[in-house]
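In what follows, a single structure is set out as structure tokens and then discussed.
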Amino acid sequence: IQNDILKEYIARGTYIYPVRHAMRIVTDVFAWAGENVPEWNTISISGYHMREAGSTAAQEVAFTLANGVTYVQAAIDAGLDVDRFAPRLSFFFNAHNNFLEEIAKFRAARRIWAGIMRDKFGATNPRSWMLRFHTQTAGSTLTAQQPENNIVRTAIQALSAVLGGTQSLHTNGYDEALALPTEESARIALRTQQIIACESGVANTIDPVAGSYAIESMTSSIEQQVQTYFDRIEKLGGMLHAIERGWVQQEIQNAAYEYQRAVDAGEATVVGVNRFTRENDPPIPTLQIDEALESRQVERVRALRARRDRQLCQQSLNRIRDHARTGANLMPAILEAVENYATVGEIASTLREVFGEYRETVTL
Numbered sequence: 012i013q014n015d016i017l018k019e020y021i022a023r024g025t026y027i028y029p030v031r032h033a034m035r036i037v038t039d040v041f042a043w044a045g046e047n048v049p050e051w052n053t054i055s056i057s058g059y060h061m062r063e064a065g066s067t068a069a070q071e072v073a074f075t076l077a078n079g080v081t082y083v084q085a086a087i088d089a090g091l092d093v094d095r096f097a098p099r100l101s102f103f104f105n106a107h108n109n110f111l112e113e114i115a116k117f118r119a120a121r122r123i124w125a126g127i128m129r130d131k132f133g134a135t136n137p138r139s140w141m142l143r144f145h146t147q148t149a150g151s152t153l154t155a156q157q158p159e160n161n162i163v164r165t166a167i168q169a170l171s172a173v174l175g176g177t178q179s180l181h182t183n184g185y186d187e188a189l190a191l192p193t194e195e196s197a198r199i200a201l202r203t204q205q206i207i208a209c210e211s212g213v214a215n216t217i218d219p220v221a222g223s224y225a226i227e228s229m230t231s232s233i234e235q236q237v238q239t240y241f242d243r244i245e246k247l248g249g250m251l252h253a254i255e256r257g258w259v260q261q262e263i264q265n266a267a268y269e270y271q272r273a274v275d276a277g278e279a280t281v282v283g284v285n286r287f288t289r290e291n292d293p294p295i296p297t298l299q300i301d302e303a304l305e306s307r308q309v310e311r312v313r314a315l316r317a318r319r320d321r322q323l324c325q326q327s328l329n330r331i332r333d334h335a336r337t338g339a340n341l342m343p344a345i346l347e348a349v350e351n352y353a354t355v356g357e358i359a360s361t362l363r364e365v366f367g368e369y370r371e372t373v374t375l
């Protein structure tokens, strides 16, 4: 760590270097996996959490793909061949309520990423151009009021992801605004996917909505909005600088505020919340967690630490620390630590000693 600069940031109450150290960990994974597990999906580049925090569809695509660009550039700068690591990249998106917009969002993301990989990074392997992605339905749209309505919301969201070309899918339980899903709600979520896959016929045609004026125009509109965000990010010096300055976070916060304001004002309808409400919703059964599970898990970890070879474990953690400081690939040291029964918390704490811990700051 550059000590003088680090001291300056600590004095200002900020600590941003861990954002950049995360890039180091990612490129280490790319390099190690390319040699040892070439068919493994090395990373899931996520936009889900940003959409859950309140971003728009265009922001979700823009910020997720901008993160992807940053990862790819970091790997190329580290000397990796783009056509060796890019085919194993994967993405993770949210499926929200606006059915047609969500379909267009997924199609726009695929088209934009293919262009980035071909034109910006010069990838020649068609598999490097593919935006392979997992989708999860939107937890933030689920309501505690009239929770059965969430079954319909989830079905619509799941269908948009399928029509948009998702490779895998997670459907939320209808009771997740209240508690962890029960076995019954998880089964309904599963059956939702199975009905779409086995009864609807939508999976039998590649890009079944292609040619629709509404879909095609929305796809192009989202693509244009994303390009506007890309231009702004470039002016800010790239995605890392945009995050460090708090610009990305502020954009998401502004979008979240505007949506909530619209809901509160009745300009945006949430069925069962600000329209079509009813008094005294009957309660639904929710999952109850046995509080004793926590203490039993703590005892399991204590027992593991008691029976493992403490010396070997500590040597492995020391090796992680040394690799973090010297720039050697972290993966062999991390795997050795896992084999010697170091916990995830211990491994993370060791990396934190060298890399520090991120503290968000806004310096706009």
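So for the sequence shown, my numbering puts the first residue at 12; every next one is plus one.
Beta carbons are placed, not taken as given, at the ideal position from N, Cα and C, and that holds for glycine.
This structure is a prediction, so every number in the text was calculated from the model and none was measured.
Three-state secondary structure (DSSP) of residue i
i	result
Ala317	helix
Thr148	strand
His107	coil
Ser179	strand
Leu76	helix
Val11	Nothing can be reported for residue 11: it is not among the residues displayed for the chain, which extend from 12 to 375.
Val37	helix
Thr216	coil
Ile300	coil
Asp88	helix
Leu191	coil
Asp130	helix
Gly184	coil
Trp258	helix
Trp51	coil
Asp292	coil
Asn136	coil
Thr67	coil
Glu227	helix
Ser211	coil
Gln326	helix
Thr154	coil
Leu251	helix
Ser360	helix
Counted within 10 angstroms of its Cβ, other Cβ atoms place residue i as buried (16 or more) or exposed
i	result
Ala42	buried
Ser179	exposed
Trp124	buried
Lys116	buried
Arg370	exposed
Tyr82	buried
Glu210	exposed
Tyr59	buried
Asp39	buried
Gly356	exposed
Pro294	exposed
Pro158	buried
Ser66	buried
Val349	exposed
Leu304	exposed
Ile127	buried
Arg121	buried
Leu174	buried
Ser344	The sequence as given places Ala at residue 344; Ser does not occur at that position. By the neighbour-count rule (16 or more Cβ atoms within 10 Å), Ala344 is buried.
In DSSP terms, what residue i is bridged to
i	result
Arg286	Val282
Phe102	Ile56, Phe144
Minimum C-alpha distance to residue i - residue among the options
i	options	result
Pro207	Tyr268, Gln168, Val365, Val237	The sequence as given places Ile at residue 207; Pro does not occur at that position. Of Tyr268, Gln168, Val365, Val237, the residue nearest in Cα terms is Gln168.
Leu298	Arg318, Tyr185, Ala314, Gly249	Tyr185
Arg435	Ser223, Ala267, Ile162	Limits of the chain in this structure are 12 at one end and 375 at the other, which puts residue 435 out of reach.
Ser101	Asn109, Ser57, Glu255, Ser223	Ser57
Ser151	Ile127, Asn183, Leu170, Met128	Asn183
Thr203	Ser55, Ala188, Phe144, His181	His181
Tyr352	Arg363, Arg318, Gly222	Arg318
Gln326	Met128, Ile358, Ala33, Gly338	Ile358
Phe144	Asn52, Arg321, Gly90, Glu187	Asn52
Ala86	Phe104, Tyr224, His32	His32
Ala134	Thr280, Arg95, Leu170, Asn108	Arg95
Pro296	Glu347, Leu189, Phe104, Val37	Leu189
Leu111	Gln322, Glu269, Val220	Val220
Val93	Cys324, Glu71, Asp130	Asp130
Phe366	Thr230, Val281, Arg336	Arg336
Arg363	Arg332, Glu290, Leu346, Glu46	Arg332
Asn215	Thr230, Ala253, Gly176, Glu187	Gly176
Leu142	Gln84, Leu201, Gly79	Gly79
CB-CB length for residue i against residue j, believed under 8 Å
i	j	result
Ala73	Phe241	6 Å
His334	Leu341	5 Å
Asp309	Ala69	Reading the sequence as shown, one finds Val at residue 309 and not Asp. No, Val309 and Ala69 are not in contact; Cβ-Cβ is about 44 Å, not under 8 Å.
Ala77	Glu234	Actually they do not touch by this definition, with Cβ atoms about 14 Å apart.
Met61	Ile263	6 Å
Ala267	Ala44	The Cβ separation is near 35 Å, so there is no contact.
Thr75	Ala106	The Cβ separation is near 14 Å, so there is no contact.
Ala166	Thr146	Contact doesn't hold; Cβ gap of about 13 Å is too wide.
Ala97	Ser55	Actually they do not touch by this definition, with Cβ atoms about 14 Å apart.
Asn160	Gly283	5 Å
Cutoff 9 Å: residue i Cβ touching any chain C Cβ
i	result
Gln236	No chain C appears in the structure shown, which is made up of a single protein chain.
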